[in-house]
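In order, the protein sequences belong to chains W and U.
Position 145 of the first sequence, counting from 1, maps to 145 under our numbering, and the rest follow consecutively.
To get our numbering, take the position in the second sequence, counting from 1, and add 1000.
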Amino acid sequence: MGELGRKARLYVLLVRARVRADWQYRTPFVLFTVAQFGITFLDFLLIAVIFQRTPHLEGWSLPEVAFLYGTSGVSFFIGDVFISQVERVGMYVKDGRFDSLLVRPMGTLFQLSTEEFAFRRFGKLVQSTIVLVVATASLDVAWTPGRAGMVALMLTTGAVIFSAIWVAGSAITFFAVDSIEVVNSFTYGGNYATQYPIGVFGPWLRRFITLAVPTAFVNYFPALYVLGRSDTLGLPSWSRFASPGVAVVTVLVAMTAWRVGLRHYRSTGS
Amino acid sequence: MRLWWEVARRSFRRHSTYRAALFAGVFTNTVFGFLKTYVLIAVYDARDGAPINGFDVTDVVTFSWLAQGFWMLAMQSHLELAERIRTGDVVGDLYRPADLQLWWLSSEAGRIAFQILVRSFVPTVVGGLFFHLRLPTSPAVWIAFAVSVALAMVVGFAHRFIVSLTTFWVLSYMGTSQLAMILIGFFSGMFVPITLFPDWLGTIARWTPYPAMLQLPIEVLLGKATSASELAALFAAQVAWAVVLLAAGRWLLAAAQRKVVVQGG
């Protein structure tokens, strides 16, 4: 407990210092937070626009797709606020700052996630939460403790899966420093893909987001249980409850990837 | 004239050296091309293929792959001038006996010319392999498209120039560039063609400069301007926005130079 408590205290301290530093640039800070708010708003308006043109998408109604959008957004932006900073590792490697992380008595992931913490990212999280609440309220679902519990569980496991993708993806930058945008196509792409029912996508893409980069487990499969829908892929019903297991596996893969990346790291020496 | 050509040429060459970032960018554009296309196809499937404002499913699929390919015209990620204002390096630019706006226009023209050359065709080809696209065969349409792309480049630059100049006042351009990115993404046709918007929202979009950066050139390539007068009106809209935004940029630059407090030490 002592060790964990010490880490938690240090985490809060470092994050607070970061937020205070950001606050020095007040106007951009406020503008950015407002902008982040706006991004998700227009983002969601896009789905509203689509539903102006059709009442159903692959048989899913607007509240159901909005539910996917909300759960995807909340999970994704929890990861965005707390973990996505690690993607900046490429810059650290390039300008030599990564060496200084290695000599400090804390893990590199811990240091990156505190040093690059950005409060402004909360804007999107708040907006996704609002969409999720409104969507959930307008769903035509007979709520049971199991279904309500599943919503809480899927948000947690979803955040873990997205965070793991961020870490695993960022580990690639140890091998190819400028490749961070490739990682973004899995993270932001994963966020985009999980806003829609999986049946929308072509068969190979469906298989990819179920088996390779398993974002389908962020919300699609658990949502089938919550909404009482059947799966277009015809996967067995236990897949609806597989998300925690998938989350554990992705974390293990991410930690391994990060460790392999660290071992591969050679200082720029400048 | 010689000077601007040289600036553009050097910028072209400089940007041709960032290969890994280039590959990564193309990869991302292509991945998002698939995601967007599948969603749009699902919309048309749900409507049994009924066209929306004259756009059938092939139009929309072609549109979204071209938008992926030509996104650099409107994209906000490369704000070199803003960074130079933030660091104070802009002082060096202001000392030069050359017009700052034209200098950066030439530099950006070189960068974007390179990007179009190597980036634009990848999403279009991949899209063409996986989906049915409708590209014109008439050389006249391609020439009109090239003109429209050039105008879009100027509009996009003029807008980025204004966004960059705000750094003189707010010192960090993160907020303004993000705000600009939302507006551009939404109203330029990048996220979905603005043709799919409900009429009232489409009208609003048409009154912003953003369609001139991406939507209009793609409409030209899709042959949506069917008569010479329609094409002329479309070009006129792009030219008008280019002039208005360039003028606004000059005015803002003059204001900035009057009050300038340069960061640095």
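We treat Cβ as the ideally placed atom computed from N, Cα and C, and that holds for glycine.
Check: Where V1091(U) and T1167(U) are concerned, what is the direct C-alpha to C-alpha distance, given to the nearest angstrom?
Finding: CA-CA distance, V1091(U) to T1167(U), rounds to 13 Å.
Item checked: Proximity below 8 Å, CB of E1012(U) to CB of R1096(U) -> Reading off the sequence, residue 1012(U) comes out as Phe, not Glu. Contact: no.
Check: Who are F1055(U)'s beta bridge partners in DSSP?
Finding: Per the DSSP secondary-structure output, F1055(U) pairs in a beta bridge with I1052(U).
Check: Looking only at C-alpha atoms, which of E1230(U), S1107(U), I1041(U), A1042(U) sits nearest to V1007(U)?
Finding: Ranked by Cα distance from V1007(U), the first of E1230(U), S1107(U), I1041(U), A1042(U) is S1107(U).
Margin query: Considering only their Cβ atoms, is the gap separating I78(W) from A148(W) smaller than 8 Å?
Written below: No, the Cβ-Cβ distance between A148(W) and I78(W) is not below 8 Å.
Checklist line | P244(W), enclosing alpha helix (DSSP H) - first and last residue | finding: Judged by DSSP secondary structure, P244(W) falls within the alpha helix (DSSP H) whose first and last residues are 243 to 264.
Check: Any chance the segment 1214 to 1224 of chain U sits against the segment 1134 to 1154 of chain U, with 3 or more Cβ pairs inside 8 Å?
Finding: yes
Checklist line | For L57(W): DSSP bridge partner residues | finding: W60(W)
Item checked: G234(W) burial status per 10 Å Cβ neighbour count (16 or more: buried) -> exposed
Margin query: So, for P1211(U): in the same chain, excluding its five sequence neighbours on each side, which residues have a beta-carbon less than 7 Å away from its beta-carbon?
Written below: Excluding residues within five positions, the ones whose Cβ falls inside 7 Å are F1187, S1188, G1189, I1194, A1205.
Item checked: Distance, V1061(U) Cα to K1224(U) Cα -> 15 Å
Checklist line | V74(W) beta carbon near the ligand HEM (any heavy atom closer than 7 Å) | finding: The model depicted lacks the ligand HEM and carries no ligand whatsoever.
Next item on the list: Mind checking the segment 176 to 187 of chain W against chain U and listing, in chain order, the residues whose C-beta falls within less than 9 Å of any C-beta there?
Entry: A176, V177, D178, S179, I180, E181, V182, V183, N184, S185, F186
Notebook entry, point to check: alpha helix (DSSP H) containing Q1238(U): first to last residue?
Noted result: Following the DSSP letters along the chain, one finds Q1238(U) inside the alpha helix (DSSP H) bounded by residues 1228 to 1259.
Notebook entry, point to check: Touch check for the segment 1027 to 1039 of chain U and the segment 1134 to 1145 of chain U: three-plus C-beta pairs under 8 Å?
Noted result: no
Notebook entry, point to check: Mind pulling the chain A residues with CB within less than 7 Å of V200(W)?
Noted result: The structure shown contains no chain A; its protein chains are W and U.
Note to self: Please identify, using Cβ separations under 8 Å, the residues of the segment 1191 to 1221 of chain U that lie next to chain W, in order along the chain.
What the structure shows: F1191, V1192, L1196, F1197, P1198, L1201
Checklist line | Chain-ordered neighbours of H56(W) on chain U, where CB pairs are closer than 7 Å | finding: A1046
Check: Should the segment 123 to 140 of chain W be regarded as contacting the segment 59 to 72 of chain W, the criterion being three or more beta carbon pairs within less than 8 Å?
Finding: Contact holds: three or more Cβ-Cβ distances are below 8 Å.
Note to self: DSSP three-state label for G90(W), please.
What the structure shows: helix
Next item on the list: Measure the alpha-carbon distance for V81(W) versus V93(W) and round it to whole angstroms.
Entry: So the alpha carbons of these two residues sit roughly 22 Å apart.
Item checked: Own chain, CB closer than 7 Å to V1057(U), minus 5 neighbours either side, in chain order -> I1041, Y1044, G1049
Checklist line | DSSP-derived helix/strand/coil call for P105(W) | finding: coil
Check: Buried or exposed: which applies to F5(W), given that a residue is buried once 16 or more other Cβ atoms fall within 10 Å of its Cβ?
Finding: Checking the sequence, you will find Gly at residue 5(W) rather than Phe. By the neighbour-count rule (16 or more Cβ atoms within 10 Å), G5(W) is not buried but exposed.
Check: Given E116(W), which residues of its chain have a CB within under 7 Å of its CB, disregarding the five upstream and five downstream residues?
Finding: Q85, R88
Notebook entry, point to check: Looking at F41(W) and N191(W), is the spacing between their C-beta atoms short of 8 Å?
Noted result: no
Check: Do F1161(U) and Q1257(U) come within 8 Å of each other at the CB atom, strictly closer than that value?
Finding: Cβ atoms of Q1257(U) and F1161(U): not closer than 8 Å.
Checklist line | Whether T232(W) touches G202(W) by CB criterion (8 Å) | finding: No, they are not a contact pair.
Note to self: Can you look up A17(W) in the DSSP assignment and give me helix, strand or coil?
What the structure shows: helix
Notebook entry, point to check: On the three-state DSSP scale, how would you describe A1150(U)?
Noted result: helix
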